[in-house]
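Here the sequence shown stands for residues 378 to 662, numbered as in the working numbering.
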Amino acid sequence: MTNESQEPGAPRRPVEDEVDVVAEETQKPAKDEKKDKKGSFWKELPVLVVVALVLALIIKTFVIQAFYIPSESMENTLLKNDRVLVNKLVYHTRDIERGDVVVFSGVDSWDGEFQMEEPSNPVAAFFRWVGTAFGVVPGEKDYIKRVIGVGGDHVKCCDPQGRITVNGVAIDEQSYLYPGNVPSDKFFDIKVPEGRLWVMGDHRLVSLDSRSHQGDPGGGSIPEGQVVGRAFVIVWPFSRATTLSIPDTFAQPALALGGATPMLAGFAGAVPLVLLRRRLVRKKR
Numbered sequence: 378m379t380n381e382s383q384e385p386g387a388p389r390r391p392v393e394d395e396v397d398v399v400a401e402e403t404q405k406p407a408k409d410e411k412k413d414k415k416g417s418f419w420k421e422l423p424v425l426v427v428v429a430l431v432l433a434l435i436i437k438t439f440v441i442q443a444f445y446i447p448s449e450s451m452e453n454t455l456l457k458n459d460r461v462l463v464n465k466l467v468y469h470t471r472d473i474e475r476g477d478v479v480v481f482s483g484v485d486s487w488d489g490e491f492q493m494e495e496p497s498n499p500v501a502a503f504f505r506w507v508g509t510a511f512g513v514v515p516g517e518k519d520y521i522k523r524v525i526g527v528g529g530d531h532v533k534c535c536d537p538q539g540r541i542t543v544n545g546v547a548i549d550e551q552s553y554l555y556p557g558n559v560p561s562d563k564f565f566d567i568k569v570p571e572g573r574l575w576v577m578g579d580h581r582l583v584s585l586d587s588r589s590h591q592g593d594p595g596g597g598s599i600p601e602g603q604v605v606g607r608a609f610v611i612v613w614p615f616s617r618a619t620t621l622s623i624p625d626t627f628a629q630p631a632l633a634l635g636g637a638t639p640m641l642a643g644f645a646g647a648v649p650l651v652l653l654r655r656r657l658v659r660k661k662r
């Protein structure tokens, strides 16, 4: 191998020296590229953080939100300081069902089951808002209860065995009721208005639920429109991670007869009218 740039008579440069020079020239730009990449990453990091927060807030607002359990009212199904995920889309595809565990807003209606001090400054208020949005701290006006009756249901306490009845059918609550609690220590007998829900906590002795608001508009029931979504899984602590399914007692077919009664009554009233009309037509002929 010859070096075309080498002057005649000059001593020949070793091939190894040429290789080293080329290697040095190729390595320097690579180091510069690494520096540029590092600088670019730190410039893009704030943008990535903002985009991540925006996407998280969109998901929280419209799809799924984490909620913090602040009280003992749903023990032992949910313990204080548990975190649950709430599905906000499910009730756009199906109706709210008996047995669902729902989160709803009590703004301008129910008093909180616990009290929180107001933030001392705007910065503290902002961080509380962020914490509430991501389920790190509780929302003072958010409640979580189990749906016992839906619009049109006749919910009553109690039958001779001390059980709550829905449309005359007793429900067996032993699978979720707090140990040692009775279904209710308060009497109630209500026809749930359409578009509203009768809700109760699983720890009946400490839960301020529909029973405690029977003097309010709706007789203690809450509007369906205030429901944020359905709690479907416990995500924290990991040792308690589990799904929140509807208890089997709410699958009794007889419970739905209350909602079907008006339609059945309509058919029952229509049949005689149809038969009477047929007789009159035959007489005229």
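Glycine residues also receive a C-beta, built at the ideal position from the N, C-alpha and C atoms.
- No Cβ-Cβ contact shorter than 7 Å links Arg523 with Val480.
- A residue is called buried once 16 or more other Cβ atoms fall within 10 Å of its Cβ, and Trp575 is buried on that count.
- By a beta-carbon distance limit of 8 Å, Gln603 does not contact Ser450. Their separation comes to about 17 Å.
- Residues of the same chain with a CB within less than 7 Å of the CB of Asn464, apart from the 5 flanking positions on each side, are Ile441, Gly606, Arg607, Phe609 in chain order.
- Here Asn464 is bridged, per DSSP, to Ile441, Arg607.
- Separation of the CB atoms of Gly597 and Ile623 is rounded to 22 Å, and the pair is thereby denied contact status at 8 Å.
- Secondary structure note for Val524: its beta strand (DSSP E) is the uninterrupted segment 519-526.
- Residue pairing by DSSP places Thr542 opposite Lys533, Ala547 in a beta bridge.
- With respect to the 7 Å criterion, Gly526 and Val569 are classified as neighbours on the basis of their beta carbons.
- Val546 is positioned such that its CB atom lies no closer than 7 Å to that of Ala633.
- Your pair Val543 and Asp530 checks out as a contact, with CB atoms roughly 5 Å apart and the cut at 8 Å.
- Taken through DSSP and simplified to helix, strand or coil, Val428 comes out as helix.
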